[in-house]
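Residue numbers (my numbering): 2 to 239. We put the beta carbon where it would ideally sit given N, CA and C, even for glycine.
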Ligand SMILES: [Zn+2]
Ligand SMILES: [Zn+2]
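1) How big is the Cα-Cα spacing for residue 186 and residue 9?
2) Whole-angstrom Cβ separation of residue 162 and residue 152, contact assumed at under 8 Å?
3) List the whole-angstrom C-beta distance separating residue 116 from residue 44, where the pair is believed to meet the contact cut-off of C-beta under 8 Å.
4) For residue 186, which beta-bridge partners are listed by DSSP?
5) Could you compute how far the alpha carbon of residue 12 sits from the alpha carbon of residue 169?
6) Kindly indicate the opening and closing residues of the alpha helix (DSSP H) around residue 111.
7) Could you pull out every residue in the same chain whose Cβ sits closer than 7 Å to the Cβ of residue 28, ignoring the five residues on either side in sequence?
8) Let me know the secondary structure DSSP gives residue 171 once reduced to three states.
9) Mapping DSSP to helix, strand and coil, what is residue 20?
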């Protein structure tokens with residue numbers, strides 16, 4: 002059996018959330034269309050998949066698992082059930098956000114995006130919880146044109162090429178080798194902003210550490226990271 006990845010669970014939980022928090026039958030149009038989408042295997046990086054992979058009945062089974070996973074999570078988590086519980090409780094906590102995420106995953110898959118089997122530059126937590134949207138976001142952030150427009154705008158505005166959260170300046174710390182280095186981060190995640198026309202205001206300049214913290218698990222904004230830093234500084238000063 003091929004383990005369900007986070008994005009697949011989000012799509013299945015989306016069906017549950019639209020079906021009175023219960024599972025869908027294998028023969029239902031919803032199960033059939035999700036089965037057809039997942040069977041393309043894009044979330045498994047083109048891996049060889051078994052013939053019965055994500056069949057209608059496997060969709061049915063998983064949606065019923067998800068529907069009961071909430072209670073299972075409160076009790077003793079079963080093997081493999083932990084991620085189910087995590088996803089369904091995310092839907093319970095913020096249905097608008099999670100349905101938007103499901104829609105964005107569907108859009109990405111329909112556009113032919115494939116999650117690489119071994120994603121680069123992405124930590125385990127991001128892969129598990131960010132999936133294909135995280136993959137697209139990282140690629141978007143590596144866009145050199147966007148990066149140079151942002152840097153130019155900051156310099157033209159009299160700003161510094163330094164981390165907006167902690168002030169780290171690569172040039173100052175590493176000298177010539179670090180000069181001009183900074184990472185560009187999209188403040189709004191893909192399922193919120195959509196993939197079209199990125200505004201320079203949606204981009205933040207961050208050091209590698211603050212950037213990683215923004216992406217770790219569910220995205221938080223640089224402003225929120227700043228609050229974490231301030232709180233931690235207060236604690237350590239006591
Ligand atoms: Zn920083
Ligand atoms: Zn980023």
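In short:
1) 26 Å
2) 6 Å
3) 5 Å
4) 205
5) 39 Å
6) 96-111
7) 57
8) helix
9) coil
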